Every structure is written in C-alpha cells, then in structure tokens.
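Note sheet for the following structure.
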C-alpha cells in the first residue's frame, strides 16, 4: 500500500507550507502576500504572483468591506462554492447570477459570455 497523508487538516497545512516554500512572495507587502498564497492555493499556479497588482490599501479596504457586511459578487459558480462561509467576518452574502434566467439571453444579445453578462 502506498503511504500518503490522509488527514485533511494536515494536508491543508502542508499545501500552504508548500506554496510558501515554492512561491516568490518577496516583492509583495505581507498583507498582499497572504492574498497571493490563497490565490495560488485556489489555482495551483505559483507564478501567478508576477501578475498581481494592487493599490496600497486594497487588502485593508477589502477586509473593512467584508467586516461591514459587503456581499461577495462572483462570476462563476465554482468560485462562489469555493468560498469558505465560516471564514467570512459578517456572514456575508455570496452572490453569483450566472444561472439567473435573464443572463443567457443577455449574453447572446451582447455577444459575450454568460460570465460577463452576469456581472
């Protein structure tokens, strides 16, 4: 039998440790580096760091908005489902209108994707 890690919590911790070891986060301020680690965990691409840009207060303002109860607007069901609700500071509503009945006809009329029309 192959010996591998079976404990979900340990796998989660190891995943983030691996990301921190393999990603070059040195160019990012600490708060944005934390966001970058989460992005890497979501997409599996350590090189996404080079494509990140944010205003100096982006993370602070985003956290304040979440703490104040701002909703989270997603362009894909997979993104909406991937949000860990118990980590949200104010039981924030997660909104994804991708499958709303009016989105598909709107996308056709705009000659664009459903994701774009949903936004």
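Numbering (the numbering used here), first residue to last: 253 to 371. Ideal Cβ positions, reconstructed from N, Cα and C, are used throughout, including at glycine. From a predicted model like this one, the values you see are computed outputs, not experimental measurements.
Which partner residues of residue i appear in the DSSP bridge assignment?
i, result
"residue 346", "324"
Would you check if the distance between the CB atom of residue i and the CB atom of residue j is smaller than 9 Å?
i, j, result
"residue 350", "residue 366", "yes"
"residue 327", "residue 370", "yes"
"residue 269", "residue 287", "no"
"residue 334", "residue 294", "yes"
"residue 314", "residue 342", "no"
"residue 284", "residue 310", "yes"
For residue i, which residues of its own chain have a beta-carbon under 8 Å away from its beta-carbon, when the five flanking residues on both sides are left out?
i, result
"residue 345", "323 and 324"
"residue 358", "369"
"residue 318", "324, 340, 341, 342 and 344"
"residue 289", "268, 271, 272, 275 and 277"
Please report the residue range of the alpha helix (DSSP H) in which residue i lies.
i, result
"residue 361", "355-362"
"residue 366", "366-370"
"residue 382", "The structure shown does not extend to residue 382, since the chain is modelled only from 253 through 371, so no value can be given for it."
"residue 333", "329-334"
Looking only at its chain, what residues have a beta carbon closer than 7 Å to the beta carbon of residue i, apart from the 5 residues adjacent to it on each side?
i, result
"residue 276", "301"
"residue 292", "271, 275, 298 and 300"
"residue 332", "326, 346 and 348"
Who are the Cβ neighbours of residue i in its own chain at under 6 Å, not counting the five residues just before and after it?
i, result
"residue 361", "none"
Please list the segments of the beta strand (DSSP E) lying wholly inside the stretch 256-312, counting only runs of 3 or more residues, in order along the chain.
Complete beta strand (DSSP E) runs here, min 3: none at all.
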